[in-house]
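Residue numbers (my numbering): 5 to 586.
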Amino acid sequence: MLYPQITPTRTLISLDGFWQFAADPDNNGEQQGWHSGLPSDREIAVPASWNEQYQDLMYFFGTGWYEKEIELPRSVRSDKIWLRVGAANYLSTLWVNGIEVGQHEGGHLPFVFEITDFITWGGPNRITIRVDARIMPDRLPPGAVAEDEMIIGFKGQYPSNYYDFFPYGGINRPVVLFTTPDSYIENIHTSTKVSSRDGEVNVRIAMKNRIGGACRISIKGTDSSWSRKLEASEAEVEIEGSLTVAEARLWCPEDPFLYELEVQLLDEQSVVVDQYVQGFGIRTVVIEGTKLLLNGKPIFLTGFGMHEDFAVLGKGMHPAVLAKDFNLLDWIGANSIRTSHYPYSDEFLHYADRKGLLVIGETPFVGFVRSHYQGNTIRDKAQRVITEMVDRDINHPCIIAWSLANEGDTFVPEADAFYKSLYDHAKSLDDSRPITIVNCLDVEGDVALKHYDFVSLNRYHGWYEQAGRLDEGCRVLDEKLDRCFEVLGKPVMITEFGADAVAGVHVDPPELFSEEYQAEMTTRQYEIIKSKPYTIGAHVWSFADFKTSQTPSRVVVNRKGVFTRDRQPKLAAHKLKELWKR
Ligand code: BDP
């Protein structure tokens, strides 16, 4: 799926801003005909979660309806018209002018529907989107999990979601209408290799085609190009080929250089029918022995697990928050992040491409338990999400690895085949990036990690274990890391370690919840992790404080951020900066 773009053959219209909104606590708006006219009682902003926009919606995890009327410009009448939602949590249904167009499940990836045939001309069009945000065990991530299946904390939290972030509902990412011509470029997948100093770019292009002509591909600023003749009879075409970039400028954090692949669809008279520009970077990323190699050189990942989370916006994408976060990541000297615990917005990843931030892209599979592995329902659903995620993100040079799950129960026999099937599925879609999953308990007895390219661990020695005893916590962490390598013999990434600190609380000698304790714990443990020859990175949990369900261990928000929720540095941020910029 291509990210919507304005080109000489395409246009887009943003539908962001205020929409009419109605909560549907009984989930019977459809019976009442709300898709043909919403009894809206308020306006709500898009993109943003609904929860923090009105007090009475804060704890509303039901179904919300959105409606907007728009008249379309005559200039797009001959085009195909599409509606794209960047992400809406969780199950979305789209109606145009009262007619159902389609449904999409999943809270963190985009969906697109062609709406050409539903549009009326010369009058307003009513766009209605129903977003069902109910928390359920068969949703990804799963909520309302049976307590006897849980392997870590979170029992009795409100709401009961078995993952440690607030289950914000609503349309969280941009909504656009965009156009394509009737024959159009549907999808572009790039992958790159480097041989001596040249870049080899493999390109796969899918097109819908009703004309004879050709597809022309070129890399701007270079003399590499390639073209392929098309027959009018080839309604669905997929072509594949490769281009060479001599003396390629390799994408890396110090020089995140992006090439532009221009794809043109031409008719028989060589008139450009459709055109799209796909950015990409030339780089390689592999695991070799115990090292992660970026462009053939070992790299150690320093940075954070984070969240899409900000006051009032909830999980809403806002460019100012992205600008601030990337600015702080740069300030502190982080080279990488994990998109814990779901795929982040397109806008985040585009920014990361431009800034040279390395990203471990994670699925929304948090906290799977035994019952999820029984039967094929969840496995099939999970594979569909992986397909959507890889399809959306494959061209981003910033993504250097996939993480397919966080803290699932990987200790029951059924987990073996389940996680192997996820690995095999992801590899079959993208064999150019290493793949991992994240473990949170001892690796002895884990049946899933062995299938993955590197091991990821979340470890809280000195916090959930050895609480308040930092020396002891550091000693145990050191031992456990060695043991993990001894058992699995694979490179190890610490995807989480850290401590809560309430900004402004100072205690000497350091105690739990003080800024001093968090600062000392994160810096000491970072040094331990870094000192091991088999580790490939250390991500502090977490970048900024973030909202969670209510539970006695959370002081309104999870306080493990080294920045507060409004992005002010705690002591740990200053200390990590000293360490990382040394
Ligand atoms: C880990 C989870 C993360 C939590 C963190 C914590 O992966 O989502 O927020 O612990 O407890 O178990 O702070």
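Glycine residues also receive a C-beta, built at the ideal position from the N, C-alpha and C atoms.
In this text the structure is predicted, and so the values were computed from the model without any measurement.
Checklist entry - Does at least one heavy atom of the ligand BDP sit under 7 Å from the Cβ of residue 589? => result The first residue shown for the chain is 5 and the last is 586, placing residue 589 beyond what the model contains.
Item to check | C-alpha gap between residue 238 and residue 193, whole angstroms | outcome: 20 Å
Checklist entry - Rounded to whole angstroms, how far is the Cβ of residue 566 from the Cβ of residue 583, which I believe are closer than 8 Å? => result The pair is not a contact, with the Cβ atoms about 12 Å apart (cut-off 8 Å).
Next on the checklist: Shorter than 7 Å, the distance from the beta carbon of residue 2 to the closest heavy atom of the ligand BDP, or not?
Outcome noted: What is shown of the chain runs 5 to 586, which leaves residue 2 out entirely.
Item to check | Proximity of residue 138 and residue 65 at Cβ, strictly below 8 Å | outcome: Pairing residue 138 with residue 65 gives a Cβ-Cβ distance under 8 Å.
Item to check | Beta-bridge pairing of residue 134 - partner residues as DSSP gives them | outcome: 69 and 97
Item to check | DSSP-derived helix/strand/coil call for residue 329 | outcome: helix
Next on the checklist: Check for me: the alpha helix (DSSP H) holding residue 480 runs from which residue to which?
Outcome noted: 474-492
Next on the checklist: Going by DSSP, what residue range makes up the beta strand (DSSP E) through residue 230?
Outcome noted: 229-234
Checklist entry - Thinking C-alpha only, which one of 470, 531, 553 and 533 is nearest residue 515? => result 470
Checklist entry - Less than 7 Å between the CB of residue 168 and some heavy atom of the ligand BDP, yes or no? => result Yes, the Cβ of residue 168 comes within 7 Å of a heavy atom of the ligand BDP.
Next on the checklist: Looking at the ligand BDP, does it come within less than 7 Å of residue 398, judged from the CB to the closest heavy atom?
Outcome noted: no
Checklist entry - Under 7 Å from any heavy atom of the ligand BDP, does the C-beta of residue 219 make it? => result No - the ligand BDP has no heavy atom lying nearer than 7 Å to the Cβ of residue 219.
Next on the checklist: For residue 275, report the span of its beta strand (DSSP E) as first-last.
Outcome noted: Run containing residue 275: none; DSSP gives neither H nor E here.
Next on the checklist: Let's see if you can read the secondary structure: which residues bound the alpha helix (DSSP H) around residue 246?
Outcome noted: From DSSP, residue 246 is part of no alpha helix (DSSP H) but of the beta strand (DSSP E) over 240-249.
Checklist entry - With a CB to CB cut of under 6 Å and the five nearest residues on each side skipped, what residues in its chain are close to residue 467? => result Closer than 6 Å at Cβ, skipping near neighbours: 503.
Item to check | Contact check, residue 261 vs residue 245, beta carbons under 8 Å | outcome: Taking 8 Å as the Cβ cut-off, residue 261 and residue 245 do not qualify as a contacting pair.
Checklist entry - In whole angstroms, what separates the C-alpha of residue 530 from that of residue 135? => result 41 Å
Next on the checklist: With H, G and I counted as helix, E and B as strand and the rest as coil, what does DSSP make of residue 364?
Outcome noted: strand
Checklist entry - Can you give the Cα-Cα distance for residue 408 and residue 452, rounded to whole angstroms? => result 11 Å
Item to check | CB contact below 8 Å: residue 97 versus chain E | outcome: Absent from the structure is chain E; it holds one protein chain and no more.
Checklist entry - With burial defined as no fewer than 16 other Cβ atoms inside 10 Å of the residue's Cβ, what is the status of residue 548: buried or exposed? => result buried
Next on the checklist: Considering just the uninterrupted stretch of the alpha helix (DSSP H) at residue 577, what are its terminal residues?
Outcome noted: Boundaries of the alpha helix (DSSP H) harbouring residue 577: 575-584, taken from the DSSP string.
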